[in-house]
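Asks: Residue numbers (my numbering): 980 to 1196.
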């Protein structure tokens, strides 16, 4: 894959460059601020970009805002955001850029980079157009759910399936995690789509819409 990295921490940035290069990928740009990220995405149109949330000058949300701008200029460009902490409002803003229109989105804690195989798998899934969220992010978004929960019609098992979908897992991976058959998961997924009254469309599009409904409520 052709990859752009944006992180102001030189050691982490160079570590990612080495890891990805040794894994057979091409890092087409490695930058340290949001403006440079936007320029790199427009210039190189990479398969995926890895972006730190907090970058200069204020070290608040520059990376996220740059990622949103990059997706505006290059629609559907896949973005994997890395953050030191679970910052729920940033996750909400990032998810809002999908609009159900596709384009991979990921939000992982930086600790996950240490689990190299998991990190590389998440990167591949985001590049392929999937949604990958750190389990801790999913948990905190779940805790913020409003009283007028549109998911109230779902059974506990359907909520479990939807939570695992939000982590970017395939039906087969969900079946393995819940120790059920693939057919049982497919049935739960169909029920979720029906209960959330999602419009008929491609399977991937409806999965994205279901995950967005889950995370925004």
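Cβ atoms here follow ideal geometry from the backbone N, Cα and C, with glycine treated the same way. Note that the structure is a prediction, hence the values are computed from the model and not measured.
Sort out for me which residues DSSP pairs residue 1086 with in a bridge.
Replies: 1060 and 1112
Asks: Whole angstroms are fine: how far does the CA of residue 1053 sit from the CA of residue 1079?
Replies: In this prediction, residue 1079 scores a pLDDT of 47, lower than 50, which makes its location untrustworthy; the coordinate-derived value is nonetheless stated afterwards. So the alpha carbons of these two residues sit roughly 16 Å apart.
Asks: Per the contact definition of three or more C-beta pairs closer than 8 Å, is the stretch 1008-1027 in contact with the stretch 1041-1049?
Replies: yes
Asks: Three-state secondary structure (DSSP) at residue 1079?
Replies: In this predicted model, residue 1079 has a pLDDT of only 47, less than 50, meaning its place in the structure is not dependable; the value taken from the coordinates is given anyway. It is coil, neither helix nor strand.
Asks: Going by beta-carbon coordinates alone, are residue 1110 and residue 1190 separated by less than 8 Å?
Replies: yes
Asks: Would you tell me roughly how many angstroms separate the C-alpha atoms of residue 1026 and residue 981, rounded to the nearest one?
Replies: The C-alpha of residue 1026 lies about 5 Å from the C-alpha of residue 981.
Asks: Could you pull out every residue in the same chain whose Cβ sits closer than 6 Å to the Cβ of residue 1092, ignoring the five residues on either side in sequence?
Replies: Counting only residues of its own chain and dropping the five nearest sequence neighbours on each side, residue 1092 has a CB closer than 6 Å to the CB of 1098.
Asks: Relative to the C-alpha of residue 1112, which residue among 1160, 1096 and 1059 is closest?
Replies: 1059
Asks: Using the three-state DSSP reduction, which class does residue 1033 fall into: helix, strand or coil?
Replies: coil
Asks: For residue 1159, which three-state DSSP category applies?
Replies: coil
Asks: How about residue 1167 and residue 1137: do their beta carbons lie closer than 8 Å?
Replies: yes
Asks: For residue 1009, name the three-state secondary structure that DSSP assigns.
Replies: strand
Asks: Residue 1036 to residue 988, Cα distance in whole Å?
Replies: 13 Å
Asks: What separation, rounded to the nearest whole angstrom, lies between the Cα atoms of residue 1064 and residue 1179?
Replies: Distance between the alpha carbons of residue 1064 and residue 1179: 36 Å.
Asks: Among the residues of its own chain, which have a CB less than 7 Å from the CB of residue 1199, if the five just before and after it don't count?
Replies: Outside the displayed range of the chain (980 to 1196) lies residue 1199, so it cannot be described from this structure.
Asks: Which residues in the same chain have their Cβ closer than 6 Å to the Cβ of residue 1126, if we skip the five residues on either side of it in sequence?
Replies: Here residue 1126 scores only 49 on pLDDT, less than 50, and its place in the model should not be relied on; the value that follows carries that caveat. Within the same chain, residue 1126 has no close Cβ partners at all.
Asks: Starting from the Cα of residue 1114, find the closest Cα among 1007, 1146 and 983 and give me that residue.
Replies: By alpha-carbon distance to residue 1114, the top candidate from 1007, 1146 and 983 is 1146.
Asks: Could you spell out where the alpha helix (DSSP H) holding residue 981 opens and where it closes?
Replies: Segment 981-985 is the beta strand (DSSP E) holding residue 981; no alpha helix (DSSP H) there.
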